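Have a look at the structure below, then the notes.
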Amino acid sequence: MMHSKRHGEILRLLQEEGTVTIASLADRLGVSLETVRRDVK
């Protein structure tokens, strides 16, 4: 998944759920923890 799509998906999940963990995002998006950390930085 491209960075821009991941970013949009992260925002959507945060809006729907309020809070999500880095591990949960990584699992849902099929990427590494470090990739999610870089995306939300």
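Under the numbering used here, think of the first position of the sequence shown as 1338, with each following residue one higher. All C-beta atoms, glycine included, are put in the ideal place defined by N, C-alpha and C. Bear in mind the structure is a predicted one, so any value in this text is a computation, not a measurement.
Under three-state DSSP, which class holds residue i?
i	result
Val1357	coil
Gly1345	helix
Val1373	helix
Quick one: what's got a C-beta closer than 7 angstroms to residue i's C-beta in the same chain, skipping five residues either side?
i	result
Ala1357	One point to set straight first is that residue 1357 is Val, not Ala, in the sequence displayed. Around Val1357: Leu1350 and Leu1351.
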